[in-house]
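Novice:
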Amino acid sequence: AQSVTQLDSHVSVSEGTPVLLRCNYSSSYSPSLFWYVQHPNKGLQLLLKYTSAATLVKGINGFEAEFKKSETSFHLTKPSAHMSDAAEYFCGRSSGTYKYIFGTGTRLKVLA
Amino acid sequence: GAVVSQHPSWVICKSGTSVKIECRSLDFQATTMFWYRQFPKQSLMLMATSNEGSKATYEQGVEKDKFLINHASLTLSTLTVTSAHPEDSSFYICSASSGQGIAKNIQYFGAGTRLSVL
């Protein structure tokens, strides 16, 4: 079955340090992959998407993600964390249909 | 990006009553809308997929008579929780997508509705 695995349920970083949120997917072919962010009691906001173009995808708010087919990974990174980045992050995928499969989420905490 | 509006953002109701939640795509025509349910500190669970003008497709385990979905136009879908009970209390989120334009094959999400059933 197709799935998305977010390897860390919680990540804590200090403000100004790099962020790494890990995501692996299972598939026999290249899916469309997404990262969304959710602030408390809010809907999901699209950060970036991969759709088989460039493997390094740049998103909003300084985030980027690299698609690595050999590792079936799509990790989200940011060079320098900001307090406003504290939120829940969801990795997701679609595969030929409009349906998405989401990971279980990673809660990012940014320490002052 | 595309904008999806969801209303209300918070609703409290008595057990046994019905609650309607609206989801609107403001700047694009949404051929497909999705309804999710999210439990505290958990991921989103897809409840159903609706295409404009046709019946919604419900995921396994979701009661279609309990959660009525209507997608009467390309910009509006509604979710009605009928005869709500405390166990229906949750955060409900809609999303919208299209086959063309700014929302082509991408889901844009509403801000969610927190339902509390007393």
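Heads up: the sequence lines are chains A and B, in that order.
So the first sequence is numbered by our numbering: it starts at 1 and just counts up by one.
So the second sequence is numbered by our numbering: it starts at 1001 and just counts up by one.
Ideal placement from N, C-alpha and C gives every residue a C-beta, glycine not left out.
Per DSSP, what are the beta-bridge partners of Ile1093/B in this structure?
Specialist: DSSP lists Tyr1036/B as the beta-bridge partner residues of Ile1093/B.
Novice: Determine the DSSP secondary structure at Ile60/A, reduced to helix, strand or coil.
Specialist: helix
Novice: Leaving aside the five residues before and after Ala86/A along the sequence, list all residues of the same chain whose C-beta is less than 7 angstroms from its C-beta, in chain order.
Specialist: Cβ-Cβ distances below 7 angstroms link Ala86/A to Leu108, Lys109, Val110 in the same chain, with the five nearest sequence neighbours on each side left out; the list follows chain order.
Novice: Listing by chain order, which chain B residues have their CB less than 7 angstroms from the CB of Lys132/A?
Specialist: The first residue shown for chain A is 1 and the last is 112, placing residue 132/A beyond what the model contains.
Novice: Any C-beta of chain A sitting closer than 8 angstroms to the C-beta of Thr1078/B?
Specialist: no
Novice: Mind checking the region 1103–1114 of chain B against chain A and listing, in chain order, the residues whose C-beta falls within less than 9 angstroms of any C-beta there?
Specialist: Asn1105, Ile1106, Gln1107, Tyr1108, Phe1109, Gly1110, Ala1111, Gly1112, Arg1114
Novice: Measuring straight from C-alpha to C-alpha, what distance separates Phe74/A and Thr1017/B?
Specialist: 44 angstroms
Novice: Would you check if the region 1078–1089 of chain B and the region 1008–1027 of chain B touch, i.e. whether three or more CB-CB distances between them fall below 8 angstroms?
Specialist: yes
Novice: Go ahead and label Trp1010/B buried or exposed: buried means 16 or more other beta carbons lie within 10 angstroms of its beta carbon, across all protein chains shown.
Specialist: exposed
Novice: What separation, rounded to the nearest whole angstrom, lies between the Cα atoms of Phe90/A and Met1045/B?
Specialist: 12 angstroms
Novice: In chain B, which residues lie with their C-beta within 9 angstroms of the C-beta of Phe67/A?
Specialist: Ordered by position in chain B, no residue passes the 9 angstroms Cβ test against Phe67/A, which lies about 16 angstroms from the chain.
Novice: For the beta strand (DSSP E) that Tyr50/A lies in, which residues bound it at each end?
Specialist: Where Tyr50/A is concerned, the enclosing beta strand (DSSP E) stretches over 44–50.
Novice: Here's the rule: buried if 16 or more other CB atoms are within 10 angstroms of the residue's CB, otherwise exposed. What is Ser1077/B?
Specialist: With 16 or more Cβ atoms within 10 Å of its Cβ, Ser1077/B is classed as buried.
Novice: Closer than 8 angstroms, CB to CB, is Gln1100/B near chain A or not?
Specialist: no
Novice: Report the option in Ser14/A, Ala53/A, Lys78/A, Arg22/A whose CA atom is closest to the CA atom of Gly59/A.
Specialist: Lys78/A
Novice: With a threshold of 6 angstroms on Cβ separation, who are the neighbours of Val37/A within its own chain once the five nearest residues in sequence on each side are excluded?
Specialist: Here the set comprises Gln45, Leu47, Ala87, Tyr89.
Novice: For a test of the three-state rule: what should DSSP assign to Ala957/B, helix, strand or coil?
Specialist: Any question about residue 957/B goes unanswered here, given that chain B covers just 1001 to 1118.
Novice: Taking only beta carbons into account, state which residues of the region 1054–1072 of chain B come closer than 8 angstroms to chain A, listed in chain order.
Specialist: none
Novice: Shortest alpha-carbon distance to His39/A belongs to which of Gln2/A, Gly103/A, Ser84/A, Thr72/A?
Specialist: Answer by Cα proximity: Ser84/A.
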